[in-house]
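Asks:
Protein chains: 2
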Amino acid sequence: MHVNVDRITRAQRLMAERGLVGLMILTHDDFRYFFGELRAQPRAIIPVSGPPLLISFAAEEPELRDSLADSAAIAVFSDVSQQMSAVRDAFNMLATADLPPSFAASPDGRHRVGMQFFFHTPAFLVDLFRKLNPQFEIVSSDPVMDTLRMVKEPAEVELMRQAQMVAARGMDRARELLRPGVSGHEIATEALYTMMKAGAEGTSTPIHVNTGRRSCWIHGTADSRPIESGDLVVVNLTPQVEGYCANLARTYVVGHPAEWQHHLYSTYLRMHQATRDALRPEITVMELDSIGKTICRAAGLGDHHIDGICHGIGLRFEETPASTIVKAHRRVKLRPGMTVTVGHTTLALPGLGGVRLEDVFHVTSAGAEPLFRYPLEPFSV
Amino acid sequence: MHVNVDRITRAQRLMAERGLVGLMILTHDDFRYFFGELRAQPRAIIPVSGPPLLISFAAEEPELRDSLADSAAIAVFSDVSQQMSAVRDAFNMLATADLPPSFAASPDGRHRVGMQFFFHTPAFLVDLFRKLNPQFEIVSSDPVMDTLRMVKEPAEVELMRQAQMVAARGMDRARELLRPGVSGHEIATEALYTMMKAGAEGTSTPIHVNTGRRSCWIHGTADSRPIESGDLVVVNLTPQVEGYCANLARTYVVGHPAEWQHHLYSTYLRMHQATRDALRPEITVMELDSIGKTICRAAGLGDHHIDGICHGIGLRFEETPASTIVKAHRRVKLRPGMTVTVGHTTLALPGLGGVRLEDVFHVTSAGAEPLFRYPLEPFSV
Chain A
1 MHVNVDRITR
11 AQRLMAERGL
21 VGLMILTHDD
31 FRYFFGELRA
41 QPRAIIPVSG
51 PPLLISFAAE
61 EPELRDSLAD
71 SAAIAVFSDV
81 SQQMSAVRDA
91 FNMLATADLP
101 PSFAASPDGR
111 HRVGMQFFFH
121 TPAFLVDLFR
131 KLNPQFEIVS
141 SDPVMDTLRM
151 VKEPAEVELM
161 RQAQMVAARG
171 MDRARELLRP
181 GVSGHEIATE
191 ALYTMMKAGA
201 EGTSTPIHVN
211 TGRRSCWIHG
221 TADSRPIESG
231 DLVVVNLTPQ
241 VEGYCANLAR
251 TYVVGHPAEW
261 QHHLYSTYLR
271 MHQATRDALR
281 PEITVMELDS
291 IGKTICRAAG
301 LGDHHIDGIC
311 HGIGLRFEET
321 PASTIVKAHR
331 RVKLRPGMTV
341 TVGHTTLALP
351 GLGGVRLEDV
361 FHVTSAGAEP
371 LFRYPLEPFS
381 V
Chain B
1 MHVNVDRITR
11 AQRLMAERGL
21 VGLMILTHDD
31 FRYFFGELRA
41 QPRAIIPVSG
51 PPLLISFAAE
61 EPELRDSLAD
71 SAAIAVFSDV
81 SQQMSAVRDA
91 FNMLATADLP
101 PSFAASPDGR
111 HRVGMQFFFH
121 TPAFLVDLFR
131 KLNPQFEIVS
141 SDPVMDTLRM
151 VKEPAEVELM
161 RQAQMVAARG
171 MDRARELLRP
181 GVSGHEIATE
191 ALYTMMKAGA
201 EGTSTPIHVN
211 TGRRSCWIHG
221 TADSRPIESG
231 DLVVVNLTPQ
241 VEGYCANLAR
251 TYVVGHPAEW
261 QHHLYSTYLR
271 MHQATRDALR
281 PEITVMELDS
291 IGKTICRAAG
301 LGDHHIDGIC
311 HGIGLRFEET
321 PASTIVKAHR
331 RVKLRPGMTV
341 TVGHTTLALP
351 GLGGVRLEDV
361 FHVTSAGAEP
371 LFRYPLEPFS
381 V
């Protein structure tokens with residue numbers, strides 16, 4: 001556990017520009033970004049100036065204090081109401097504190113607090129915060145956190161590369177198990193074990209091994225139905241290394257592919273290759289999607305093309321641009337240093353089967369490099 | 001996939017009594033309760049009368065339609081804006097539909113929609129729903145869902161028993177690996193693999209193997225620090241079987257326990273046994289906590305006692321009464337048929353180490369039975 005002073009200083013500068021008196025951290029990804037560690041309950045406040053405040057369970061305080069020394073303040077709690085009081089007291093102090101000269105005041109006079117609103121921010125905590133702190137306007141912390149987190153530092157890219165290599169080990173294991181009679185659950189079990197032994201902490205999403213007609217699924221699961229000869233199998237692996245997420249998806253056919261399966265696969269492959277070749281600074285997901293759509297149309301699969309071929313990835317499994325979740329992200333321009341996936345969407349014939357191939361790329365000034373080159377062939381196993 | 005007509009009918013009766021025109025389902029636990037299956041994106045609407053509406057990705061529709069026949073309506077989407085439109089259109093229809101004669105109208109004229117607000121309800125979806133459906137008041141679905149879900153059906157208890165047996169297999173594996181030099185992560189890796197091979201789909205929370213002073217943690221993680229001789233190790237396992245959650249925690253000392261470790265352990269053991277002996281219909285978590293507090297005080301550990309010894313468990317890892325999250329749940333009375341844990345809280349000497357022992361019990365008219373009797377000894381391994 002340590003306070004990343006550089007990141008906090010940069011966050012505070014952005015908060016002042018945006019008129020935020022503080023960030024309320026409630027998620028593992030933001031917590032790890034500032035404090036470098038997975039904490040069981042990630043609860044912290046970054047004020048616009050001064051040291052951060054960590055909100056800690058009472059019995060964990062001595063360990064925290066030893067590692068943090070004076071780099072952060074610590075408020076302790078033994079129950080939820082104490083936790084909530086600590087948050088309320090801290091924000092009340094912020095509301096009356098001296099604000100930096102560059103501070104952008106809010107038009108309605110209420111101070112603003114930034115918060116992440118994504119899949120891992122529980123709705124009840126946001127509502128509770130609003131109820132207990134009516135003097136604040138709660139706004140999205142994305143303008144601050146995206147500015148910091150979209151472009152990765154070299155050490156972050158290295159961890160993402162490690163995570164992607166761990167995913168590759170899991171995919172090797174999954175592929176060697178693929179045969180009729182084996183279930184998606186058995187494959188997921190072995191792939192997860194392989195990845196954890198290779199250093200994954202766990203996965204950022206459940207492992208998907210979508211078999212047969214379930215290869216159509218937009219996300220997925222790993223069920224106990226035995227694979228049959230001729231099934232399409234989509235394997236999607238998302239191990240994490242020190243919080244950094246990998247994303248590796250491959251599709252296999254067990255046995256000899258049918259004509260339609262081969263057509264789906266070769267179309268996806270062309271879309272995947274054209275998209276990765278087009279990755280470069282300034283391009284948007286909307287532009288990347290149009291490339292894939294043209295390819296799908298030419299292949300007679302235009303009706304089944306889904307927008308959202310690319311998304312950001314880092315400490316969160318889906319970061320800005322996360323265009324299948326936030327439509328405005330379709331116009332976000334890629335920048336050098338970003339890490340993005342190619343191949344997020346499934347190309348499926350409804351009721352029959354689908355294909356997905358996904359890899360992670362590091363955007364460079366010249367284009368993009370894959371974090372790990374996992375083979376796109378063979379299709380048939 | 002199937003529609004549980006009985007549960008939906010009972011939900012609709014409760015919704016009419018409470019004046020809810022519909023439930024908006026956004027979480028796996030509620031979705032599985034009504035539809036019996038893990039779906040990648042759990043999105044459904046239960047109207048106060050008539051069949052449920054499932055909101056499905058377009059390519060998944062044929063599979064859904066085959067399994068559901070006419071028992072549910074299906075709205076399909078290919079992107080998030082279509083998904084949101086489907087929800088808005090469905091609720092607009094509900095607002096003008098014929099309501100049951102027993103329907104309790106809202107005082108302010110706005111119709112009410114019920115929604116779960118817990119850890120797995122993303123804040124941004126609730127805010128988006130509010131923005132798109134301003135004609136509705138969003139209220140907690142707990143009064144409906146708790147009434148249905150707190151008391152388990154026999155088949156649910158059987159699945160919970162299976163999950164607890166899977167957890168026991170994982171604990172056996174964890175215990176046999178415990179020795180100096182092994183890390184929490186290695187133990188978690190092997191325990192998870194054992195549990196998945198025994199039929200766990202995964203776990204409802206990350207596996208905790210809290211070693212050394214991290215045994216103080218309120219929740220936990222599994223880190224790579226090698227265990228040292230004399231370390232306390234808290235192992236907390238939460239496998240799921242068909243969505244139903246187990247919870248099994250044990251604490252071991254690696255080597256010979258120090259006096260303070262033995263004292264913590266024996267005090268926790270007395271608190272655990274007294275609490276399980278006191279489990280019976282009508283008792284509250286508040287009353288159960290007072291039993292434990294008396295024991296901790298007598299042992300000179302009163303300052304370190306934490307409230308919340310017991311919580312509900314089922315399709316969600318923490319269900320009503322979840323008194324460490326919702327304070328009002330401290331006064332919820334247990335009822336025959338409920339499944340609850342005993343041993344949720346850590347008893348810790350801050351900075352030194354802590355102890356936790358947790359099991360799941362089925363409340364009966366006479367008292368309570370453990371779902372699986374996992375040994376509470378040995379402490380020292």
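Residue numbers (the numbering used here), protein chains in the order written: chain A, 1 to 381; chain B, 1 to 381. Just so it is clear, CB atoms sit at the ideal spot from N, CA and C, and this is done for glycine as well. All of these numbers come straight from a predicted model, not from anything done at the bench.
1. On a Cα-Cα basis, can you pick out the residue from B/Pro226, B/Ala95, B/Arg297 that is closest to B/His185?
2. Just checking: is the beta-carbon of B/Ile218 within a distance shorter than 8 Å of some beta-carbon in chain A?
3. Using a threshold of 8 Å, state whether the C-beta atoms of B/Phe317 and B/Thr238 are closer than that.
4. I think A/Cys310 touches A/Thr267, with their Cβ atoms under 8 Å apart; what is that distance to the nearest whole Å?
5. Between which two residues does the alpha helix (DSSP H) harbouring A/His344 extend?
6. Starting from A/Asp172 and walking both ways along the alpha helix (DSSP H), at which residues does that stretch end?
7. Under a three-way DSSP split, which group does B/Gln261 fall into?
8. Name the chain B residues whose beta carbon is nearer than 7 Å to that of A/Glu61?
9. As an exercise, report each continuous alpha helix (DSSP H) stretch of at least 4 residues that is fully enclosed by the region 11 to 78 of chain A, in chain order.
10. Per DSSP, what kind of secondary structure is A/Leu192 in: helix, strand or coil?
11. Buried or exposed: A/Arg161, going by 16 or more other Cβ atoms within 10 Å of its Cβ?
12. Rounded to a whole number of angstroms, what is the C-alpha to C-alpha distance between B/His304 and B/Gly170?
13. Compute the beta-carbon to beta-carbon distance between A/Thr205 and B/Val80, rounded to the nearest angstrom, for a pair I have assumed lies under 8 Å.
14. Can a CB atom of chain A be found closer than 8 Å to the CB of B/Leu38?
15. Label A/Ala105 either buried or exposed according to how many other C-beta atoms from any shown protein chain fall within 10 Å of its C-beta, with 16 as the threshold for buried.
16. Check this for me: beta carbons of A/Leu54 and A/Leu64, under 8 Å apart or not?
17. Scan the region 168 to 190 of chain A for residues whose Cβ lies nearer than 9 Å to a Cβ of chain B and list them as they occur along the chain.
18. Around the C-beta of B/Glu153, are 16 or more other C-beta atoms found within 10 angstroms, so that it is buried, or is it exposed?
19. Residues in its own chain within less than 7 Å of B/Arg175 by CB, not counting five upstream and five downstream?
20. Of all Cβ atoms in chain B, is any one closer than 8 Å to the Cβ of A/Ala58?
21. For a cutoff of 8 Å on Cβ pairs, would you count A/Ile325 as touching chain B?
22. I need the DSSP call for B/Ser140, collapsed to helix, strand or coil.
23. If you run the structure through DSSP and keep just helix, strand and coil, what is B/Glu186?
24. Answer yes or no: does any C-beta atom of chain B fall closer than 8 Å to that of A/Met150?
25. Identify every residue that forms a DSSP beta bridge with A/Met338.
26. Our contact map puts B/Leu20 next to B/Ile45 with C-beta atoms below 8 Å; I'd like the distance itself, whole angstroms only.
27. Might you give, ordered along the chain, the residues of its own chain that have their beta carbon closer than 7 Å to the beta carbon of A/Asp142, omitting 5 neighbours on each side?
28. Given that A/Arg10 touches chain B, what residues does it touch there, using C-beta distances under 8 Å?
29. Please classify B/Ala328 as buried or exposed, where buried requires at least 16 neighbouring CB atoms within 10 angstroms.
30. What's the gap between the Cα of B/Gly36 and the Cα of B/Asn4?
31. Hey, could you find the ends of the alpha helix (DSSP H) A/Val126 is sitting in?
32. Report buried or exposed for A/Glu60, applying the criterion of at least 16 other Cβ atoms within 10 angstroms of its Cβ.
33. Is the Cβ-Cβ distance between B/Leu178 and B/Val254 less than 8 Å?
34. Tell me whether A/Asn133 is buried or exposed, calling it buried when 16 or more other Cβ atoms sit within 10 Å of its Cβ.
35. At 7 Å on the CB atoms, spell out the chain B contacts of A/Ala123, in chain order.
Replies: If we stick to the structure as given:
1. Checked all of B/Pro226, B/Ala95, B/Arg297; the closest Cα to B/His185 is B/Pro226.
2. For B/Ile218, at least one C-beta of chain A is nearer than 8 Å to its own C-beta.
3. Yes, they are a contact pair.
4. Wrong, their Cβ atoms sit about 17 Å apart, outside the cutoff.
5. A/His344 -> no alpha helix (DSSP H), and no H or E assigned at all.
6. Start and end: 154 to 177.
7. DSSP places B/Gln261 in helix when its eight states are reduced to three.
8. Against chain B, a Cβ distance below 7 Å from A/Glu61 picks out Pro350.
9. Entirely contained in the region 11 to 78 of chain A, the alpha helix (DSSP H) runs reaching 4 residues are, in chain order, 28 to 35, 61 to 68.
10. A/Leu192 falls in the helix class under three-state DSSP.
11. Here A/Arg161 is buried. Its C-beta has 16 or more other C-beta atoms within 10 Å.
12. The straight-line gap from Cα to Cα measures roughly 29 Å.
13. Rounded, the Cβ-Cβ distance is 17 Å, inconsistent with contact.
14. Yes, contact with chain A.
15. With fewer than 16 other Cβ atoms within 10 Å, it is exposed.
16. For A/Leu54 and A/Leu64, yes; Cβs fall inside 8 Å.
17. From the region 168 to 190 of chain A, only His185, Glu186, Ala188, Thr189, Glu190 have a Cβ closer than 9 Å to chain B.
18. Classification for B/Glu153: exposed.
19. Cβ within range, chain order: Tyr252, Val381.
20. With 8 Å as the cut-off, A/Ala58 counts as an interface residue toward chain B.
21. At least one CB of chain B lies nearer than 8 Å to the CB of A/Ile325.
22. Three-state DSSP puts B/Ser140 in a strand.
23. If DSSP states are grouped into helix, strand and coil, B/Glu186 belongs with the helices.
24. It does not: the Cβ of A/Met150 has no partner Cβ on chain B nearer than 8 Å.
25. As DSSP reads the structure, A/Met338 sits in a beta bridge with A/Val151.
26. With a beta-carbon spacing of about 11 Å, B/Leu20 and B/Ile45 fall beyond the 8 Å limit used to define contacts.
27. If you ignore the 5 residues before and after A/Asp142, its C-beta comes within less than 7 Å of the C-beta of Thr320, all in its own chain and listed in chain order.
28. Under the 8 Å cutoff, chain B gives no residues; its nearest Cβ is about 25 Å from A/Arg10.
29. Under this definition B/Ala328 is an exposed residue.
30. If I take the Cα positions, the gap works out to 8 Å.
31. Taken as a continuous stretch (DSSP letters only), the alpha helix (DSSP H) holding A/Val126 covers 123 to 132.
32. When all chains shown are included, A/Glu60 counts as buried.
33. Closer than 8 Å, so yes.
34. That one is buried.
35. Against A/Ala123, the close residues of chain B are Phe117, Thr121, Pro122, Ala123, Val126, in the order they occur along the chain (beta-carbon pairs closer than 7 Å).
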